[in-house]
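> These protein sequence lines map, in sequence, to chains A and B.
Take the first sequence: its letter number 15 is residue 15 in the UniProt record's numbering, and every next letter is one higher.
Take the second sequence: its letter number 14 is residue 14 in the UniProt record's numbering, and every next letter is one higher.
We put the beta carbon where it would ideally sit given N, CA and C, even for glycine.
Protein chains: 2
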Amino acid sequence: MEFDKLVHQPTRLQLFAHLYANGETSFSALTDDLEITEGNLASHIGKMEEADCVAVNKQFVDGSPQTTYRLTEHGEDLFEAHVQTLEELIDGLDS
Amino acid sequence: MEFDKLVHQPTRLQLFAHLYANGETSFSALTDDLEITEGNLASHIGKMEEADCVAVNKQFVDGSPQTTYRLTEHGEDLFEAHVQTLEELIDGLDS
DNA sequence: AATGTGACTTTGTATCACAAAGTATTATGT
DNA sequence: ACATAATACTTTGTGATACAAAGTCACATT
Chain A
1 MEFDKLVHQP TRLQLFAHLY ANGETSFSAL TDDLEITEGN LASHIGKMEE
51 ADCVAVNKQF VDGSPQTTYR LTEHGEDLFE AHVQTLEELI DGLDS
Chain B
1 MEFDKLVHQP TRLQLFAHLY ANGETSFSAL TDDLEITEGN LASHIGKMEE
51 ADCVAVNKQF VDGSPQTTYR LTEHGEDLFE AHVQTLEELI DGLDS
């Protein structure tokens with residue numbers, strides 16, 4: 001039973017889950033939905049990028065910058081593995 | 001979606017799960033099963049005690065000290081709530 | 001009394017999350 | 001062209017945290 005610290009950390013776990021469930025999502029949508037500060041989001045997303053878990057897309061929409069993020073395949077794989085680890089832990093409670 | 005840091009931390013999450021599933025467990029069984037050092041176990045269990053999540057029982061068995069731990073009701077409640085939070089996160093992935 | 005075992009406690013360190021404030025990029029308005 | 005505004009970061013500082021390693025303590029047996 002191993003926990004990947006990158007994925008398990010609460011804020012990032014929610015980021016992974018959000019991106020996994022909702023697909024490509026904008027910076028501001030993430031700060032709004034997860035109720036975290038911009039600095040914090042940038043920091044956590046940065047670590048996910050470094051680990052090749054997240055791909056970034058920057059563009060201008062209606063005259064304003066808009067950055068969107070999505071999970072890479074590797075990010076999806078890591079998250080799925082982590083969810084499985086959690087499910088195993090939960091399933092093991094019945095025994 | 002809130003994560004209780006006390007419960008979510010990987011080593012303690014496994015401690016909670018182990019005590020929840022197996023009931024009263026000895027110090028040495030915990031270091032063996034979770035593969036953590038004695039110092040580390042003492043430290044994490046200490047935090048769980050402080051939070052009234054764990055009850056301790058010290059005795060001598062066959063001339064050797066043996067400490068056992070079990071979850072308090074409060075500990076069980078906290079863990080169950082946390083598991084539910086995790087399940088909700090996982091269930092939300094389908095949408 | 002001396003030794004041994006189990007269960008801690010102490011000490012030190014490196015990492016980390018977070019908040020707050022500062023900065024950079026580009027668009028729009030005048 | 002210049003100033004301003006909006007988004008998306010980056011920097012700085014701080015307090016908390018996990019962990020390893022080593023030291024200590026209580027009690028029982030010999």
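Taking 8 Å as the threshold, find out whether the region 59-70 of chain A comes into contact with the region 17-29 of chain A through three or more Cβ pairs.
Contact between the region 59-70 of chain A and the region 17-29 of chain A is present, because at least three Cβ pairs lie under 8 Å.
> Does any heavy atom of the ligand MG sit closer than 7 Å to the C-beta of Asp91/A?
Annotation note on the ligand MG: not contained in the displayed structure, which lists no ligands.
> Out of Gln14/A, Thr72/A, Glu76/A, point me to the one whose CA is closest to Leu41/A's CA.
When each option's Cα is compared against that of Leu41/A, the closest is Gln14/A.
> List the DSSP bridge partners of Asn57/A.
Paired residue(s): Thr68/A.
> Applying the 10 Å Cβ sphere with the 16-neighbour rule, what's the burial state of Ala17/B?
Its Cβ being crowded by 16 or more others within 10 Å, Ala17/B is buried.
> Secondary structure at Thr25/B, three-state DSSP: helix, strand or coil?
Correct three-state label for Thr25/B: strand.
> Can you name, in chain order, every residue of its own chain whose Cβ lies under 6 Å from the Cβ of Arg12/A, other than the five neighbours on each side?
Counting only Cβ-Cβ distances below 6 Å, and skipping sequence neighbours, we find His44.
> Quick one: Cα of Met1/A to Cα of Ile36/B, how far?
The straight-line gap from Cα to Cα measures roughly 12 Å.
> For Ile45/A, name the three-state secondary structure that DSSP assigns.
Correct three-state label for Ile45/A: helix.
> In terms of residue numbering, what span does the alpha helix (DSSP H) encompassing Val78/B cover?
Here the sequence assigns Leu to residue 78/B, which means Val is not the residue at that position. Segment 73-91, the alpha helix (DSSP H) holding Leu78/B.
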